[in-house]
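The structure under discussion appears below in the form of structure tokens.
2 protein chains.
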Amino acid sequence: MSTEINKKKEDKAIFKPLDSLLHSELRLAIMSILIGVNEADFVYIKSATKATSGNLSVQLDKLSVAGYIEIEKTFIGKKPCTLCRMTEKGRDAFADYVETLKQYIRE
Amino acid sequence: MSTEINKKKEDKAIFKPLDSLLHSELRLAIMSILIGVNEADFVYIKSATKATSGNLSVQLDKLSVAGYIEIEKTFIGKKPCTLCRMTEKGRDAFADYVETLKQYIRE
DNA sequence: TAAACAAGTTTATATTATAAACCAAACTTT
DNA sequence: AAAGTTTGGTTTATAATATAAACTTGTTTA
Chain A
1 MSTEINKKKE DKAIFKPLDS LLHSELRLAI MSILIGVNEA DFVYIKSATK
51 ATSGNLSVQL DKLSVAGYIE IEKTFIGKKP CTLCRMTEKG RDAFADYVET
101 LKQYIRE
Chain B
1001 MSTEINKKKE DKAIFKPLDS LLHSELRLAI MSILIGVNEA DFVYIKSATK
1051 ATSGNLSVQL DKLSVAGYIE IEKTFIGKKP CTLCRMTEKG RDAFADYVET
1101 LKQYIRE
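Protein chains in written order, with the working numbering: chain A, 1 to 107; chain B, 1001 to 1107.
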């Protein structure tokens, strides 16, 4: 049986897990852009991140499914325009992520 | 042919890429532990991170192959003991990573 | 001495990210 | 006006990565 004398090994992790949806380079970049502006469109995010269209499309969709961003498909003149906006949920998740991350980078 | 008149879209990403070796939850946790101490053994890191042995073994190996940590296999009494220590290169990479990350989290 | 345990490693599988291929509509050139 | 090009994406296939399961080697304990 275990006694007080036995040196206890840590029985819980010292690090809080990171939100894996946000801990991805491209998704993090997207969120980083969106937290600073009211909205941004697909083409802008693509050029700012240098992501391929396919990758961007997929990652935006994941953020959208999670409710972290909203996607609105409109037209600007005759061209389609995909607008992205961060939700309150996304803002909270991002703030949480940053807090958690600080544990890891010791700041 | 392209002219100066053409509105140039951003032609470089606004985010510096993250060191993908470090941008991994477990490897980051390992580095975070090692940066704070002189050395730590496999068993300690395992319990501190709650990683499985297999996963830990693989990730330590990657960090070691990259030259970010050194691994020394010794015995403590009759039991094998795998000691890990961060290298100077690892320390630099970690510092770089943290700096880069700040762009993304705006701090 | 056989069963259980400790400390890992190796290999297989599931998850995730990335890239390649494709599509529709609008513009441009001949 | 038909043919080719560009824009703004989506879908699907592949490559990379993380995780878990199975195994190994040696040790301790019942």
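Note that the Cβ used here is the ideal one computed from N, Cα and C, for glycine as well.
Answer with buried or exposed for residue i, where buried requires no fewer than 16 other C-beta atoms within 10 angstroms of its C-beta.
i               : result
G1077 (chain B) : exposed
I69 (chain A)   : buried
E1107 (chain B) : exposed
S20 (chain A)   : exposed
G36 (chain A)   : exposed
F1075 (chain B) : exposed
A1095 (chain B) : exposed
A13 (chain A)   : exposed
I105 (chain A)  : buried
I1033 (chain B) : buried
K79 (chain A)   : exposed
G1090 (chain B) : buried
E1004 (chain B) : Reliability of the predicted coordinates at E1004 (chain B) is poor, the pLDDT of 26 falling under 50, and the value obtained from them is presented with this limitation in mind. E1004 (chain B) is exposed by the Cβ-count criterion.
Could you please give me the residues that DSSP links to residue i through a beta bridge?
i               : result
L18 (chain A)   : Per DSSP, none; premise fails for L18 (chain A).
T1082 (chain B) : B:K1073
A1040 (chain B) : B:C1084
Quick one, which of the options has its alpha-carbon nearest residue i's?
i               : options                               : result
T100 (chain A)  : B:F1015, B:D1019, B:A1093 and B:L1028 : B:L1028
L18 (chain A)   : B:K1016, B:L1034 and B:H1023          : B:H1023
L83 (chain A)   : A:S20, A:S57, A:F15 and A:D96         : A:S57
Q1059 (chain B) : B:K1073, B:C1081 and B:E1025          : B:E1025
F1015 (chain B) : A:I30, A:E72 and A:F15                : A:I30
C1081 (chain B) : B:A1040, B:Y1104, B:L1034 and B:A1013 : B:A1040
M1086 (chain B) : B:I1071, B:Q1103, B:V1098 and B:K1102 : B:I1071
Can you pull the chain B residues whose beta carbon is under 9 Å from the beta carbon of residue i, in chain order?
i              : result
L101 (chain A) : L1028, L1101 and I1105
E25 (chain A)  : F1015, P1017, L1018, S1020, H1023 and Y1104
Can you list the residues of chain A that residue i reaches, using a CB-CB cut of under 8 Å?
i               : result
V1098 (chain B) : I105 and E107
Which bits of chain A does residue i rub up against, with CB to CB less than 7 Å?
i               : result
F1015 (chain B) : A29 and T49
Find the residues of chain B that neighbour residue i, judging by a C-beta separation of less than 8 Å, and give them in chain order.
i             : result
S32 (chain A) : F1015, Q1103, Y1104, I1105 and R1106
*Are three or more beta carbon pairs between the stretch 51 to 63 of chain A and the stretch 1059 to 1071 of chain B nearer than 8 Å?*
no
Point to revise | Contact the stretch 46 to 57 of chain A vs the stretch 1042 to 1052 of chain B: 3+ CB pairs below 8 Å | key: no
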